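Colleague:
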Amino acid sequence: MPLNFDDIRRVADLARIEVTDADLRAAERELNGILSLVAQLQAADTAGVEPMAHAQDVTLRLREDEVTESDERARFQSIAPQVEAGLYLVPKVIE
Amino acid sequence: MVEASLSELATALKARRASSVELTRAALDRIARAKDALNAFITVDPDRSLAQARSADARIARGEGDALTGIPVAHKDIFCAEGWRTTCASKMLADFVAPYDAHVIGRFHAAGAVLIGKTNMDEFAMGSSSENSHYGPVRNPWHGEFVPGGSSGGSAAAVAARLVPCATGTDTGGSIRQPAALCGVSGIKPTYGLVSRYGMIAFASSLDQGGAFARQAEDLALMLNVMTGFDPRDATSLDRPKEDYARELERPLAGLRVGLPKEYFGEGMDADVRAAVEGAIAALRALGAKTVEISLPNSGLSVPAYYVLAPAEASANLARYDGVRYGYRAPEYADLADMYCKTRAQGFGAEVKRRILVGTYVLSHGYYDAYYLQAQRVRRLIARDFVAAFTHCDVIVGPTSPTVAFRIGEKVADPVKMYLSDIYTIAPNLAGLPAMSVPCGFGANGLPVGLHVVGGYFGEARMLNVAHQYQRATDWHRRAPAAFAG
Chain U
22 MPLNFDDIRR
32 VADLARIEVT
42 DADLRAAERE
52 LNGILSLVAQ
62 LQAADTAGVE
72 PMAHAQDVTL
82 RLREDEVTES
92 DERARFQSIA
102 PQVEAGLYLV
112 PKVIE
Chain D
6 MVEASLSELA
16 TALKARRASS
26 VELTRAALDR
36 IARAKDALNA
46 FITVDPDRSL
56 AQARSADARI
66 ARGEGDALTG
76 IPVAHKDIFC
86 AEGWRTTCAS
96 KMLADFVAPY
106 DAHVIGRFHA
116 AGAVLIGKTN
126 MDEFAMGSSS
136 ENSHYGPVRN
146 PWHGEFVPGG
156 SSGGSAAAVA
166 ARLVPCATGT
176 DTGGSIRQPA
186 ALCGVSGIKP
196 TYGLVSRYGM
206 IAFASSLDQG
216 GAFARQAEDL
226 ALMLNVMTGF
236 DPRDATSLDR
246 PKEDYARELE
256 RPLAGLRVGL
266 PKEYFGEGMD
276 ADVRAAVEGA
286 IAALRALGAK
296 TVEISLPNSG
306 LSVPAYYVLA
316 PAEASANLAR
326 YDGVRYGYRA
336 PEYADLADMY
346 CKTRAQGFGA
356 EVKRRILVGT
366 YVLSHGYYDA
376 YYLQAQRVRR
386 LIARDFVAAF
396 THCDVIVGPT
406 SPTVAFRIGE
416 KVADPVKMYL
426 SDIYTIAPNL
436 AGLPAMSVPC
446 GFGANGLPVG
456 LHVVGGYFGE
466 ARMLNVAHQY
476 QRATDWHRRA
486 PAAFAG
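Top to bottom, those sequences are chains U and D. 78 is the number that my numbering gives to position 57 of the first sequence; each next residue is one higher, with no gaps. 84 is the number that my numbering gives to position 79 of the second sequence; each next residue is one higher, with no gaps.
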């Protein structure tokens, strides 16, 4: 079922990307084009086939529970859009 | 010096017939002169590069150093390099100065290579033409009205135009091999897990793999010797003994079994590409290889599976660009949610947004099983096809791209048409297999054609052997675009 403007608005909201009404027409055409390409997957017989998440079916390694990183707070905050007293600043969330 | 390959330059440096400072100055000069014609680089920093060159010369003077010591290497602007602006060709990261080195960058530093600059690319590696860059499109050195391929188009163009002897790239669905083919250079994507993804800006983590561009296969072996190796900071890095990727270069091809997938030689490939690829197959036979027809029955599903899995992973990976810790933040907003939405709408380009939306949709409630899980199941079918095929052959060959380079602007309005330029390159990423492209002739408008060589898991040394023997028998890889020759 093709996506309509409301579907696209909902997905864009989930993705935290602002879409204007002017964006919607092109988005509708392009996204539905891509979805009809991927719809070919539905015809594939995958009964009994395990999903493959990774090229090598390796399990994640565990490591010793110890500190391996040094304190880089000042360096990492130097590239942030807005910081104060060692904190990242964002618009007020709770009134 | 311009015509010298990486291997030849390494020999010249060791014999003190050239210095790293000379090579570095020459490369910087060629990069500056080609800037308007190619737009292959986003950032150069001559003082930094020359400082590295001087310390490489000092190292060589002490009788130390390896093959890459003193060699100018261009890095795709997806690899974080401490103190270097690292943009991923996005407005989102236009002012981002990396606070640390990617594993790959660290390996080249340790080898004494010179970081000559950061190359232009499709934004966040999403594209097949290097047109999706905040810094403008890259141009093909063979013909400026045509694309160089993508996403690592700047690296491919820089090597093709003889600005540098070698460069790094990344390959998620063909982003090294397709631009290598379209620019007439050699490029390799190793087995998934051999090159650490630490500090390599993430697009689709289960597919992303670093690799290399150079004039010839012999040089790619030297690059892989530096780039590969276990890194505990990448959870998918493979802990394997170190290999010398040049060890099989001189092996004769007699007895080599070359698999030709019947699905790749049917409809879909342009006649000029077919003629060049068939010429290459004849050359391999003349070197003693036997060809066998094989089948990859699910190969037609690789593009659809990829355009579920890659956007899904991208939508999760790119959630980090929220205007809080680094990168772009919209100048005006009403509240926190509005800040996220405006930051991301303004900071990302059209193709990146398109893929985030597709990825968000296929992962959303009610659609996950039908799209994402089904794509992962198809991925296993595709991987099984290769495993079965490799019981009959040692390498698989075919075209890298169904066409030679297309015109700038030709496919921008139709995303699906653009996606189909990676129809032959995507399957090895899904399966995690190593694959490469080597120049094998020319087609329409005098544009290069690439031969795709796919190996079994950890088959890099054998693939490089096949490519090297082919390159000893042919001279396609020595051809340079007229505007940039000698």
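Don't be surprised by glycine CBs; every beta carbon is placed ideally from N, CA and C. Bear in mind the structure is a predicted one, so any value in this text is a computation, not a measurement.
Hey, does P72(U) have any beta-carbon neighbour from chain D nearer than 9 Å?
Modeller: So yes, P72(U) belongs to the interface.
Colleague: Could you pull out every residue in the same chain whose Cβ sits closer than 7 Å to the Cβ of I431(D), ignoring the five residues on either side in sequence?
Modeller: Once the five neighbours on either side are set aside, the close Cβ partners of I431(D) are G178, G179, S307, V308 and Y311.
Colleague: Output the distance between the C-alpha atoms of A533(D) and S242(D), rounded to the nearest integer angstrom.
Modeller: Limits of chain D in this structure are 6 at one end and 491 at the other, which puts residue 533(D) out of reach.
Colleague: Looking at the secondary structure, which residues open and close the beta strand (DSSP E) in which M441(D) lies?
Modeller: Counting along the chain, the beta strand (DSSP E) containing M441(D) begins and ends at A440 to F447.
Colleague: Start and end of the alpha helix (DSSP H) containing L28(D)?
Modeller: L28(D) -> alpha helix (DSSP H) spans S25 to R38.
Colleague: In angstroms with no decimal places, state the Cα-to-Cα distance between A280(D) and S300(D).
Modeller: Looking at the two C-alpha atoms, the distance is approximately 21 Å.
Colleague: Which stretch, first to last residue, makes up the beta strand (DSSP E) that contains D176(D)?
Modeller: Counting along the chain, the beta strand (DSSP E) containing D176(D) begins and ends at C171 to D176.
Colleague: Leaving out five residues before and five after L33(D) in sequence, what residues of the same chain have Cβ atoms less than 6 Å from its Cβ?
Modeller: The residues are P51.
Colleague: Helix, strand or coil for L58(U), going by three-state DSSP, please let me know.
Modeller: If DSSP states are grouped into helix, strand and coil, L58(U) belongs with the helices.
Colleague: Given a cut-off of 9 Å, decide if Y429(D) and G403(D) are closer than it, judged by their beta-carbon atoms.
Modeller: A contact, by the Cβ cut-off of 9 Å.
Colleague: Short of 7 Å Cβ to Cβ, which residues in the stretch 98-127 of chain D face chain U?
Modeller: Hits within the stretch, in order: F101, V102 and P104.
Colleague: Counting only Cβ pairs nearer than 8 Å, list the residues of chain U close to S320(D).
Modeller: Ordered by position in chain U, the residues that pass the 8 Å Cβ test against S320(D) are A36.
Colleague: Which complete alpha helix (DSSP H) runs does the stretch 60-128 of chain D hold, if anything under 4 residues is left out?
Modeller: Runs found: 108-116.
Colleague: I'd like to know if I299(D) contacts chain U, where contact means its C-beta is closer than 9 Å to some C-beta of that chain.
Modeller: No, I299(D) lies away from the interface with chain U (no Cβ there is under 9 Å from its Cβ).
Colleague: Out of D244(D), K347(D), A342(D) and L55(D), point me to the one whose CA is closest to R334(D)'s CA.
Modeller: Closest option to R334(D), Cα to Cα, is K347(D).
Colleague: What first and last residue would you give for the beta strand (DSSP E) that runs through T296(D)?
Modeller: From DSSP, the beta strand (DSSP E) with T296(D) extends over K295 to I299.
Colleague: Only counting runs of 4 or more residues, tell me where the alpha helix (DSSP H) segments fall wholly within the stretch 49-111 of chain U, in order along the chain.
Modeller: Listed in chain order, they are 94-98.
Colleague: How is G460(D) classed by DSSP in three states: helix, strand or coil?
Modeller: Strand.
Colleague: Should the stretch 55-67 of chain U be regarded as contacting the stretch 371-387 of chain D, the criterion being three or more beta carbon pairs within less than 8 Å?
Modeller: These segments touch.
Colleague: Determine contact between the stretch 357-368 of chain D and the stretch 103-112 of chain D, defined as no fewer than three beta-carbon pairs at a distance below 8 Å.
Modeller: Counting Cβ pairs under 8 Å, fewer than three are found: no touch.
Colleague: Using the Cα positions of D176(D) and S157(D), report the straight-line distance between them to the nearest angstrom.
Modeller: D176(D) and S157(D): Cα-Cα distance of roughly 8 Å.
Colleague: Measuring only the C-alpha atoms, how far is A222(D) from Q476(D)?
Modeller: Between A222(D) and Q476(D), the C-alpha separation is close to 8 Å.
Colleague: Of the choices H473(D), P486(D) and V421(D), whose alpha-carbon is the least far from that of L452(D)?
Modeller: When only C-alpha atoms are compared, the closest one is P486(D).
Colleague: Under 9 Å, Cβ to Cβ, is there at least one residue of chain D near E105(U)?
Modeller: So, not an interface residue.
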